[in-house]
Amino acid sequence: MELTKPFYDFCIPFNKDDKIMRAILKELVELGYKTIAIDQSFDHSKKEAGKRGSEMFPEPHAIEHLRKEFNDKLKILQRITILYVDVNVSHAMSVSLNLRKFNIIAGQPKTDAALTHCCTTFNGDIVTFDPLAGSRLLVNRKAYQVGVRRGLYFEIKYSPAIADSNNRKDMIKIAQNYCTKGKSKNIIFSSGALDDFQLRGPYDVANLAFIFGLSEDQGKNAINRNCRQLFLRAESRRLGKTIMFVKSHGPIVFSDTSEEEMSEGDVEINNVNENDQTKPNKRLKLG
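1 is the number of the first residue of the sequence shown in the UniProt record's numbering; add one for each residue after it.
Here is the structure:
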């Protein structure tokens with residue numbers, strides 16, 4: 001199992017320009033982030049119908065040079081966000097080999113039916129939304145609760161709110177919907193930053209909990225504990241059933257309670273109990 005450290009940002013959009021990517025990663029290091037995920041989007045609804053039986057998902061972008069450069073500073077994961085409109089995406093995901101190369105899989109539904117499917121059936125880790133499309137898709141209570149039981153996490157991106165006031169209103173509306181329908185369970189905060197100016201420190205992001213209807217503890221967990229649990233769930237999904245071997249590096253001591261190790265108080269109590277059992281009750285008339 002790979003080790004990760006807080007704080008987390010699981011949505012850093014991929015950019016072909018290495019200068020921009022390096023600037024974002026350097027800013028993440030300075031702000032105190034330790035584990036991040038570089039995201040690439042894929043619109044499943046735009047694929048041709050004749051190619052639905054073959055491999056349609058792309059391979060992860062080549063970022064090995066960035067991992068080597070930030071080896072001791074950042075844990076860099078790879079994530080794919082799948083935009084889709086119907087349930088046909090499930091079959092394409094089940095036969096895809098490229099999806100197994102990603103650490104994290106996120107679903108971004110574009111219709112109400114796709115949103116319900118994403119919470120109840122989607123074989124991924126994150127349910128996210130498009131901040132540019134507005135707040136027309138709101139999850140219902142039953143679908144939200146099913147998603148929480150399945151171990152899915154609902155993502156809230158904060159950088160679109162910095163760039164545009166209309167996006168800020170829509171994001172707050174979606175966050176309040178999560179609070180109303182599911183008490184803001186399984187929420188994670190991500191940046192979705194396109195440049196280093198849109199990034200904020202982890203403690204500043206945690207303070208957004210009050211705006212989004214979360215408690216103080218939920219805000220802290222949204223950038224730390226929940227992200228760690230999401231990573232562990234994603235790893236278990238990728239690896240499937242595994243066997244664990246535990247090897248000891250020292251002597252194994254088995255503790256056992258014998259009569260010699262019993263304290264004097266225990267011996268006295270036992271003696272009193274034995275005497276009480278052997279003495280007849282004087283109030284009883286023995287024939």
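Even for Gly, the Cβ is constructed at its ideal location relative to N, Cα and C. Since this is a predicted model, take the numbers as computed values, not measurements.
Item, Value
"Spatial distance of phenylalanine 14 from lysine 220 (CA atoms)", "26 angstroms"
"Identified DSSP bridge partners for residue 290", "Beyond the ends of the chain as shown, which are 1 and 287, falls residue 290; an answer cannot be given."
"Segment contact, 8 angstroms Cβ cut-off, at least three pairs: the stretch 38–45 with the stretch 208–217", "no"
"Rounded separation between aspartate 130 and proline 251 - CA only", "56 angstroms"
"DSSP three-state assignment for lysine 157, whether helix, strand or coil", "strand"
"Under 8 angstroms between C-beta atoms of leucine 152 and isoleucine 174", "no"
"Whole-number beta carbon distance between valine 146 and cysteine 119, since they are thought to touch under 8 angstroms", "6 angstroms"
"Rounded straight-line distance, which links the Cα of asparagine 167 to that of arginine 233", "30 angstroms"
"3-residue-minimum beta strand (DSSP E) runs that sit fully inside the stretch 116–177, ordered along the chain", "153–157"
"Aspartate 86 (DSSP reduced to helix, strand or coil)", "coil"
"Simplified DSSP assignment, three categories, for phenylalanine 197", "helix"
"Residue span of the alpha helix (DSSP H) that contains alanine 206, given as start and end", "202–206"
"contact_flag[the stretch 61–79, the stretch 92–99] where n(CB pairs < 8 angstroms) is 3 or more", "no"
"Among Asn207, Leu194, Gln229, Gly182, nearest to aspartate 18 - alpha-carbon criterion", "Leu194"
"Buried/exposed call for histidine 65, threshold 16 Cβ in 10 Å", "exposed"
"Short Cβ contact (8 angstroms threshold) for glutamine 108 with isoleucine 80", "no"
"As assigned by DSSP and simplified to three states, the class of alanine 37", "strand"
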